[in-house]
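2 protein chains.
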Amino acid sequence: MTKYEEKIYNIINTSTEHLTVEQIYAELKKEYPKVVLATVYNNVNKLWKARLIRKVSIENMSDRYDRIVKHDHLICQRCSKLTDISFEDLTASLREQMGEEFLSYDLKVFYICPECREREKNRKHT
Amino acid sequence: MTKYEEKIYNIINTSTEHLTVEQIYAELKKEYPKVVLATVYNNVNKLWKARLIRKVSIENMSDRYDRIVKHDHLICQRCSKLTDISFEDLTASLREQMGEEFLSYDLKVFYICPECREREKNRKHT
DNA sequence: TAAAAAAATTAGAATAATTCTAAAAATGAG
DNA sequence: CTCATTTTTAGAATTATTCTAATTTTTTTA
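Protein chains in written order, with this note's numbering: chain A, -9 to 116; chain B, -9 to 116.
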């Protein structure tokens, strides 16, 4: 692992958020001010291909990078806020339904977050 | 519904594939050669906001548009081929796990398609 | 139905996201 | 240390998408 690769890996793994390439770039610059955006692209792709990080694609948002530890995602349909959550593991059920071909799955659950819910409730009253 | 909106809606709903904006544009041009790409963007966004079509985002692929009818997606980890599939409905289980806040979910299942499986098997033998 | 208002479409510029290329720098093996 | 390999850099190129303002089409209404 090169120094940038390692640092980028650490940034992603210690963050509680789901970072975009731009955010990783901003973070990386604090330690290495001369680094260039293409380096971030190169390294996140390398890490992703090596399955050391996860890429999260959501409609109308740029890709985000996340720890590999298995978990699901909760997305607010109003503000697009993205939160980690763990639902009951579906592996057994999916393997049963589709056999040995099964590799992995990605589950996104949509809801309206408490903040947006509150905001909408207030709007209705006025 | 405007003529373009309707036609785009029909293209998406009668296709067995998962179309990109470019593919919809190409198809639409057959009937309306003067149409412009921005019109496709305008209309798919309008349809998507009205929840009349579905947007499918997968890592490293441009967004695709799909019929709204509830189904899951199967994605080959080798060739990225995207297929429709229906797994056991998770609504009840998710509602039980997270309560009334639950709105909907999106499940993607990864596997290696028969063609890629075959190709890899052959490669191993040589 | 004609004129006015509203909505949709167009062309093309602008922006954003990502990849590519070739040169320079860093690393590593012998 | 020296040559070969890998990584990084800078910036151009490409792709995807949005925006703007003018034009066209559709709808409303007097």
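We put the CB at the ideal spot given by N, CA and C, even for glycine.
This structure is a prediction, so every number in the text was calculated from the model and none was measured.
- The beta strand (DSSP E) runs lying completely inside the stretch 56 to 107 of chain B and spanning 3 residues or more are 62 to 66, 72 to 75 and 92 to 101, given in chain order.
- Against chain A, a Cβ distance below 9 Å from B:L93 picks out Q67, V99, F100, Y101 and I102.
- Under the three-state reduction of DSSP, A:K24 is assigned to coil, being neither helix nor strand.
- A contact between stretches requires three or more CB pairs, one per stretch, nearer than 8 Å, and the stretch 73 to 82 of chain B meets this requirement with the stretch 78 to 92 of chain A.
- Note on B:V30: 16 or more other CB atoms within 10 angstroms of its CB, so buried under the neighbour-count rule.
- Burial check for A:V59: the Cβ neighbour count within 10 Å stays below 16, so the residue is exposed.
- Only residues of its own chain outside the window of five on either side were considered, and among them L18 and E21 have a CB closer than 7 Å to the CB of A:K(-3), listed in chain order.
- Look at the stretch 34 to 48 of chain A: the residues with a C-beta under 7 Å from a C-beta of chain B are K45, S47 and I48.
- C-alpha of A:A40 to C-alpha of A:L27: approximately 20 Å in a straight line.
- DSSP places A:N3 inside the alpha helix (DSSP H), whose first and last residues are K(-7) to T4.
- In this structure, the alpha-carbon of B:L97 lies about 11 Å from that of A:F100.
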